[in-house]
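Numbering (this note's numbering), first residue to last: 13 to 482.
Glycine is no exception: its CB is placed at the ideal position from the N, C-alpha and C atoms.
Given the structure is predicted, the values throughout are model-derived calculations rather than measurements.
Here's the structure we're looking at; comments come further down.
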Amino acid sequence: MPIYQQIYEELREAILAGTLPETTRLPPERALAGRLGVNRSTVVHAYRELVSDGLIEQRVGSGSRVSRSLQGGHPQRTADVPWWVTLPPWRVGSFPQVLGELAATFHDERISFVQGVPPVEPSPLPELAKSFERVAGDPDYVLSYGDSEGHAPLRRAIAARMQRRGCRVEAREVLVLTGSTQGITLVAQSLAEPGDEIIVEQPTYPGALQIFQIAGLRAIPVAVDDEGLRVDHVEAILRTRRPRFIYVMPSLHNPMGVTMNADRRQRLVTLARRARVPLVEDDPYGELVESPHPPLVSLSPDYVVYLSTFSKTIAPSLRLGWVTAPRAIYERLLLRKQSYDMATSLYVQAGVCDYLSRAYDEHVVRLRRELLVRRGLARDAIEKHWPKTTRVANGSGGFYLWATAAREVRARALLDTAERLGATFLFGEAFYAASGGERNFRLAITPMTHDDMAEGIRRIGEAFAAVSSR
Ligand code: PMP
Numbered sequence: 013m014p015i016y017q018q019i020y021e022e023l024r025e026a027i028l029a030g031t032l033p034e035t036t037r038l039p040p041e042r043a044l045a046g047r048l049g050v051n052r053s054t055v056v057h058a059y060r061e062l063v064s065d066g067l068i069e070q071r072v073g074s075g076s077r078v079s080r081s082l083q084g085g086h087p088q089r090t091a092d093v094p095w096w097v098t099l100p101p102w103r104v105g106s107f108p109q110v111l112g113e114l115a116a117t118f119h120d121e122r123i124s125f126v127q128g129v130p131p132v133e134p135s136p137l138p139e140l141a142k143s144f145e146r147v148a149g150d151p152d153y154v155l156s157y158g159d160s161e162g163h164a165p166l167r168r169a170i171a172a173r174m175q176r177r178g179c180r181v182e183a184r185e186v187l188v189l190t191g192s193t194q195g196i197t198l199v200a201q202s203l204a205e206p207g208d209e210i211i212v213e214q215p216t217y218p219g220a221l222q223i224f225q226i227a228g229l230r231a232i233p234v235a236v237d238d239e240g241l242r243v244d245h246v247e248a249i250l251r252t253r254r255p256r257f258i259y260v261m262p263s264l265h266n267p268m269g270v271t272m273n274a275d276r277r278q279r280l281v282t283l284a285r286r287a288r289v290p291l292v293e294d295d296p297y298g299e300l301v302e303s304p305h306p307p308l309v310s311l312s313p314d315y316v317v318y319l320s321t322f323s324k325t326i327a328p329s330l331r332l333g334w335v336t337a338p339r340a341i342y343e344r345l346l347l348r349k350q351s352y353d354m355a356t357s358l359y360v361q362a363g364v365c366d367y368l369s370r371a372y373d374e375h376v377v378r379l380r381r382e383l384l385v386r387r388g389l390a391r392d393a394i395e396k397h398w399p400k401t402t403r404v405a406n407g408s409g410g411f412y413l414w415a416t417a418a419r420e421v422r423a424r425a426l427l428d429t430a431e432r433l434g435a436t437f438l439f440g441e442a443f444y445a446a447s448g449g450e451r452n453f454r455l456a457i458t459p460m461t462h463d464d465m466a467e468g469i470r471r472i473g474e475a476f477a478a479v480s481s482r
């Protein structure tokens, strides 16, 4: 099938299914072409077909939008459409496929600040490859399914590492996951039912928002400041409402980079116990904090479901994470996990377990150092190239910078311009459960070289100049 037709078919299905509701603005042709790595004329051709079907409308100056009056359907358009195309969509908010976006790798000249992946240097690969070679000595074992709970030595190693951070966790309380994304899904489906309320931070990790929306959960957003989640707001909400759980990133929060102070941690745990609402602590970056506070799970193991991953400290391609939970919750998570994938790759688990015992600690020390260097360089470049009216959150480390532009700047417009100038990032609305975030955006400072990082920040500075001179 020609490429224009593939684009046409995808968009047509999304429009007919309602995933792209009436009046949704489609990306400018040039931007979509850039994102897909195709010629602009290919996208023009696809859009023209959609116009002739009556599915989209184009106006000079305001681009392309999904036509009005599709609600109720156009009989002539839907008659020949199979039923699954017209299934009611999930209501997945302003940025429905963010997990796909976060996972995709761009192959073009743009400098991408989108993905939170570890930097290529320091590389875990030489030692990791050795570990995989070592475990291949036991082929009958590493090529089999293995227990759903996970590879026993890995569960012990994870528990021991958590104990060193002050958590009273036993190996039997560790459930190995195929990435912590799996854990967020398991939690969303095991602790709540469609229509239930949950508390999330605002801003929060957009991948989690996508999962919660697909599970039909209603997110109550609570603000985050430089000291982390506003626990006083949580307290006010818990006076009148009983959310199913509170999803929170206390250390190196994504996207703000802030770390919750000890006092707030203690207050949050006390509140959760009093209200009998479990905390879901998402902690992919905890090992990267320079001066760590105790994880929430160490303060109250019976009220905290704790999630973490090796995606940020080793590599996301491993798809290896874990969850610990109070027993009754653990059993529910385990059953659901079995229904997804039976077990996480034993080969990967055994390889990483070997790596943990030999090379991981040293790697993490080097990684922390590298993140600090990058942060300094990024801040210098921002200072030099961006308007002084742009505020960057006072994060304490990690992979991300969270920016708030001056009132007149819309981050989406800035992104359109930046993409033309050869830099791309994630706009703020994706991080908001409710409305808001229009002036915000996130830079991941890890996926590129130091030079490209500085150059990308310069290009975004150029985009600032272009949008504010309009
Ligand atoms: N939670 C947070 C806060 C994250 O930032 C990420 C990755 N960006 C994940 C979970 C997902 O990690 P994994 O690769 O383990 O699925």
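By a C-beta neighbour count over all protein chains shown, 10 Å radius and 16 as the cutoff for buried, is residue i buried or exposed?
{"i": "Tyr217", "result": "buried"}
{"i": "Pro151", "result": "exposed"}
{"i": "Thr401", "result": "exposed"}
{"i": "Gln350", "result": "exposed"}
{"i": "Asp366", "result": "buried"}
{"i": "Leu347", "result": "exposed"}
{"i": "Val147", "result": "buried"}
{"i": "Pro87", "result": "Confidence at Pro87 is low in this model, with a pLDDT of 44, below 50, so its placement is unreliable and no value can be given for it."}
{"i": "Leu383", "result": "buried"}
{"i": "Lys324", "result": "buried"}
What residue does the alpha helix (DSSP H) around residue i start on, and which one ends it?
{"i": "Arg387", "result": "Tyr372 to His397"}
{"i": "Arg285", "result": "Ala274 to Ala287"}
{"i": "Ser310", "result": "Leu308 to Leu311"}
{"i": "Ser351", "result": "Arg339 to Asp353"}
{"i": "Ser53", "result": "Arg52 to Ser64"}
{"i": "Tyr16", "result": "Ile15 to Ala29"}
{"i": "Val479", "result": "His462 to Ser480"}
{"i": "Glu113", "result": "Val110 to Ala115"}
Could you give the distance in angstroms between the alpha-carbon of residue i and the alpha-carbon of residue j?
{"i": "Asp294", "j": "Val212", "result": "11 angstroms"}
{"i": "Gly195", "j": "Trp334", "result": "7 angstroms"}
{"i": "Tyr342", "j": "Met465", "result": "42 angstroms"}
{"i": "Leu250", "j": "Leu368", "result": "40 angstroms"}
{"i": "Tyr315", "j": "Leu280", "result": "11 angstroms"}
{"i": "Ala435", "j": "Ser124", "result": "6 angstroms"}
{"i": "Gly73", "j": "Phe437", "result": "24 angstroms"}
{"i": "Glu431", "j": "Val270", "result": "28 angstroms"}
{"i": "Val260", "j": "Glu121", "result": "35 angstroms"}
{"i": "Ala405", "j": "Trp414", "result": "6 angstroms"}
{"i": "Pro215", "j": "Phe443", "result": "5 angstroms"}
{"i": "Val292", "j": "Ala362", "result": "27 angstroms"}
{"i": "Val234", "j": "Arg242", "result": "7 angstroms"}
{"i": "Leu114", "j": "Leu427", "result": "16 angstroms"}
{"i": "Ser320", "j": "Ala446", "result": "26 angstroms"}
{"i": "Arg424", "j": "Arg288", "result": "40 angstroms"}
{"i": "Ser303", "j": "Arg71", "result": "54 angstroms"}
{"i": "Arg253", "j": "Leu283", "result": "13 angstroms"}
{"i": "Ala274", "j": "Arg176", "result": "18 angstroms"}
{"i": "Arg37", "j": "His375", "result": "44 angstroms"}
{"i": "Asn51", "j": "Pro40", "result": "13 angstroms"}
{"i": "Arg60", "j": "Arg47", "result": "19 angstroms"}
{"i": "Ala58", "j": "Ile19", "result": "6 angstroms"}
{"i": "Thr35", "j": "Arg77", "result": "5 angstroms"}
If I'm right that residue i touches residue j with Cβ under 8 angstroms, what's the distance once you round it to whole angstroms?
{"i": "Asn266", "j": "Gly158", "result": "The pair is not a contact, with the Cβ atoms about 30 angstroms apart (cut-off 8 angstroms)."}
{"i": "Ile210", "j": "Ala183", "result": "About 29 angstroms separates the two Cβ atoms, so there is no contact after all."}
{"i": "Val110", "j": "Gly219", "result": "6 angstroms"}
{"i": "Gly410", "j": "Tyr318", "result": "About 18 angstroms separates the two Cβ atoms, so there is no contact after all."}
{"i": "Leu379", "j": "Pro138", "result": "About 15 angstroms; that fails the 8 angstroms criterion."}
{"i": "Val479", "j": "Arg451", "result": "Not a contact, Cβ separation roughly 12 angstroms."}
{"i": "Ile326", "j": "Ala393", "result": "Actually they are not in contact, since the Cβ atoms of Ile326 and Ala393 sit about 28 angstroms apart, beyond 8 angstroms."}
{"i": "Ser53", "j": "Leu67", "result": "Not really, about 20 angstroms apart at Cβ, beyond 8 angstroms."}
{"i": "Leu300", "j": "Leu264", "result": "6 angstroms"}
{"i": "Arg370", "j": "Thr458", "result": "Going by Cβ atoms, the distance from Arg370 to Thr458 rounds to 24 angstroms, so no, they are not a contact pair."}
{"i": "Val188", "j": "Leu155", "result": "Actually they are not in contact, since the Cβ atoms of Val188 and Leu155 sit about 17 angstroms apart, beyond 8 angstroms."}
From which residue to which residue does the beta strand (DSSP E) around residue i run?
{"i": "Leu203", "result": "It is not in any beta strand (DSSP E) - Leu203 carries neither H nor E in the DSSP assignment."}
{"i": "Phe453", "result": "Asn452 to Ala456"}
{"i": "Arg71", "result": "Ile68 to Arg71"}
{"i": "Arg77", "result": "Gly75 to Val78"}
{"i": "Gly333", "result": "Gly333 to Thr336"}
{"i": "Ala43", "result": "From DSSP, Ala43 is part of no beta strand (DSSP E) but of the alpha helix (DSSP H) over Glu41 to Leu48."}
{"i": "Asp428", "result": "Asp428 -> not in any beta strand (DSSP E); alpha helix (DSSP H) instead, spanning Ala423 to Leu433."}
{"i": "Thr416", "result": "Tyr412 to Thr416"}
{"i": "Leu319", "result": "Val316 to Thr321"}
{"i": "Val292", "result": "Leu291 to Asp294"}
Less than 7 angstroms between the CB of residue i and some heavy atom of the ligand FAD, yes or no?
{"i": "Gly333", "result": "With respect to the ligand FAD, the structure shown offers nothing to examine, as its ligands consist of the ligand PMP."}
Would you say residue i faces chain D, with C-beta separation under 8 angstroms as the test?
{"i": "Gly158", "result": "Of the protein chains in the structure, only one exists, and it is not chain D."}
Restricting to runs no shorter than 4 residues, where is the alpha helix (DSSP H) found entirely within the segment 139-180? 151-154 and 164-176
Could you tell me which whole alpha helix (DSSP H) segments of length 4 or greater appear in the segment 190-263? Listed in chain order, they are 192-202, 218-226 and 243-252.
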